[in-house]
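Following UniProt numbering from start to finish, the sequence shown increments by one per residue and tops out at 105. Glycine included, each C-beta is placed from N, C-alpha and C at the ideal position. Structure record follows, encoded as structure tokens.
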Amino acid sequence: MSNAQAVPYLLQFIGRNLRIHVSDQRMFIGQLKCTDKDRNIILALTHEYRAPTDAAIRAAIASSGDPAVQLPLTSRYVGLVVIPGQYITRIEFEESAFAPNPVSL
1 MSNAQAVPYL
11 LQFIGRNLRI
21 HVSDQRMFIG
31 QLKCTDKDRN
41 IILALTHEYR
51 APTDAAIRAA
61 IASSGDPAVQ
71 LPLTSRYVGL
81 VVIPGQYITR
91 IEFEESAFAP
101 NPVSL
């Protein structure tokens, strides 16, 4: 995709909620504010989610006796964050019935 095509495409996501997965298995959900030529992304109103540790999974299995036990993701509010582009593995757009209309150029 050329820059001429990429700019209008990315503009439609400004102010929208994105789910960004990074290489260390964390996930960030927040409102896209901007990006740059190095694919760094700035999100506002962001929550960080982490999968349970192996030790927590083992402890839950031991206490419940159920190998299919499900543990919730741990989360914390991190506010405004910069996610380095080199660590991004996947980006998902969260659609919402309440989202504003896309930007048109």
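Supposed close pair residue i, residue j - CB separation, criterion 8 Å
| i | j | result |
| --- | --- | --- |
| Asn17 | Ile83 | Not really, about 14 Å apart at Cβ, beyond 8 Å. |
Buried or exposed by the 16-neighbour rule on C-beta atoms within 10 Å, applied to residue i
| i | result |
| --- | --- |
| Leu32 | buried |
| Ile14 | exposed |
| Phe93 | exposed |
| Leu46 | Note that residue 46 corresponds to Thr in the displayed sequence, not to Leu. Buried. |
| Leu71 | exposed |
Own chain residues within Cβ distance below 6 Å of residue i, not counting five before or after
| i | result |
| --- | --- |
| Thr35 | Ile41 |
Per DSSP, the bridge partner or partners of residue i
| i | result |
| --- | --- |
| Thr46 | Gly79 |
| Val22 | Ile88 |
Sequence-distant residues of the same chain with beta carbon closer than 7 Å to residue i, five excluded per side
| i | result |
| --- | --- |
| Pro67 | Ile61 |
Between the CA atoms of residue j and residue i - distance to the nearest angstrom
| i | j | result |
| --- | --- | --- |
| Ala4 | Leu11 | 12 Å |
| Pro52 | Ser64 | 16 Å |
| Arg76 | Ile20 | 15 Å |
| Ile91 | Ser2 | 19 Å |
Short CB-CB distance (under 7 Å) between residue i and chain B
| i | result |
| --- | --- |
| Ile29 | The question asks about chain B, but that chain is absent: this structure has only one protein chain. |
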